[in-house]
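As structure tokens, the structure follows; a few thoughts come after it.
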Amino acid sequence: MSEAENLSHASVQESIAGCERQGELDIFDLMIASRSLRSFIFQIEGSCCPGFKIGWVSTVTARFFYGHIEIGELTFENTPVVPDGANFVTIPEGEYREDIVNIKSMVGFESFFDDLMPKSGAAHWLDEDERKTTAAMSVSPDGHHLALTIDLAKPPRIKCEVRSLTISDNRININMRNTSSGPINMVLDADCEFVLLQDKKTVGNLLGMFNIHSGTEDWVVNGTIQDGVSGVVLLKGVRYREHFADNTWYQYFIQSFEVEINVDRAASGRVVKKRKLSTRSSEL
């Protein structure tokens, strides 16, 4: 090999060794589950942007932010990330990974759920149904380390509507539908307590199993309502009822749930308690 070829070869090697590859992951599914009052586990599924090559990485670090506030980070050692033929990846792979993210800023974590949950009077972002949730990706110059940065600020807010409502004596049954264009998935696997509020006074108590899924999901809340209640009431989350509720932030996040309901009207037009029923969902 000539001197010129040696110099050219050395230049290429230096270029490869000193280059940090950067790209973006389009997140289709982000599973989050509580593991204590101050921690969570997660799993990300998504598609790498065209042209981005992860390479032969063995360490993965995921960092979660709310804007400039760092929520937490986790590093997986000895963890390969192998895209399939469509450049789709799962991080971390496997069903039973229990690597825990310790929450550094509960303020940022709480703000994320305040943005995500249905809330009376809250605004939707104009482009939220089209907005993608992405992670910035970078591979270290030595090719060993993949880093992901996920900003959880301003997610598409969950829309919640009343599909039907029935009242018989003091029993109330509400069929709900959640619609989410974002990738967040959370399964609580237990009932949550809800109240009906009118003029800041409790006029009903209900139970329902609330989960978060991308797309649409139907669910039911039922319980009791006081006699003589009419007009608009606020259905609000109060408490998570699992046996380990005192050791999970689920008991806090459910309190972000708020939906306005008109107990006089339901879209089905069914007569209940001699009143025509329709709904007023909170279009946030």
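For what it's worth, this note's numbering labels the leading residue of the sequence shown as 412, then goes sequentially. In this text, a Cβ means the ideal position worked out from N, Cα and C, and glycines have one as well.
Query: Exposure label - M548; buried when at least 16 CB within 10 Å; Result: buried
Query: Same chain only: Cβ atoms within 7 Å of E431, ignoring 5 sequence neighbours per side; Result: S549, V550, S551 and P552
Query: M442 - DSSP class collapsed to helix/strand/coil; Result: strand
Query: Same chain only: Cβ atoms within 7 Å of P494, ignoring 5 sequence neighbours per side; Result: C459, I465 and V500
Query: Simplified DSSP state of Q637, which is helix, strand or coil; Result: coil
Query: I697 versus Q662: straight-line alpha-carbon distance, rounded; Result: With the chain represented from 412 up to 695, any question about residue 697 goes unanswered, as that position is not in the structure.
Query: H556 - partner residues in DSSP beta bridges; Result: T470
Query: Given 8 Å, three or more beta-carbon pairs between the region 434-449 and the region 484-493; Result: no
Query: Range of the contiguous beta strand (DSSP E) that encloses S458; Result: S450 to C459
Query: Span of the alpha helix (DSSP H), counted from its first residue to its last, around G519; Result: M517 to L527
Query: Counted within 10 angstroms of its Cβ, other Cβ atoms place T401 as buried (16 or more) or exposed; Result: The question about residue 401 has no answer here: the residues shown for the chain are numbered 412 through 695.
Query: Alpha-carbon spacing of L617 relative to Q666, whole angstroms; Result: 14 Å
Query: F476 beta carbon near the ligand ZN (any heavy atom closer than 7 Å); Result: No copy of the ligand ZN occurs in the structure displayed, which carries no ligand at all.
Query: Reduced DSSP secondary structure (H/G/I, E/B, other) of N513; Result: strand
Query: Q662: first and last residue of the uninterrupted alpha helix (DSSP H) it sits in; Result: Y661 to F664
Query: Beta-carbon proximity of V670 to P529, cut-off 8 Å; Result: yes
Query: Coil, strand or helix - N586 by DSSP; Result: strand
Query: C-beta contact flag for V697 and V649 at 8 Å; Result: Look at the range of the chain in this structure, 412 to 695, and you will see that residue 697 is not part of it.
Query: Check whether D437 and S625 have beta carbons under 8 Å apart; Result: no
Query: A547 in three-state terms, based on DSSP; Result: strand
Query: Straight-line gap, Y477 to S522 (C-alpha atoms, nearest Å); Result: 8 Å
Query: Span of the beta strand (DSSP E), counted from its first residue to its last, around K464; Result: No beta strand (DSSP E) contains K464, which DSSP labels as neither H nor E.
Query: For I636 and N581, believed in contact at Cβ under 8 Å, the rounded distance; Result: 6 Å
Query: Whether L559 touches R652 by CB criterion (8 Å); Result: no
Query: Cα-Cα separation, Q433 to Q454; Result: 21 Å
Query: Residues bridged to M597 [DSSP beta-bridge criterion]; Result: I623
Query: Close Cβ partners of T470 (< 8 Å) along its chain, the five nearest in sequence each way excluded; Result: T486, F487, E488, N489, T490, H555, H556 and L557
Query: Start-to-end residues for the beta strand (DSSP E) that takes in I704; Result: With the chain represented from 412 up to 695, any question about residue 704 goes unanswered, as that position is not in the structure.
Query: Coil, strand or helix - D602 by DSSP; Result: coil
Query: Of the residues K647, V598, S575 and N589, the one placed nearest R676, counting alpha carbons only; Result: S575
Query: Nearest-angstrom beta carbon gap, A564 and D526 [assumed within contact, 8 Å]; Result: 7 Å
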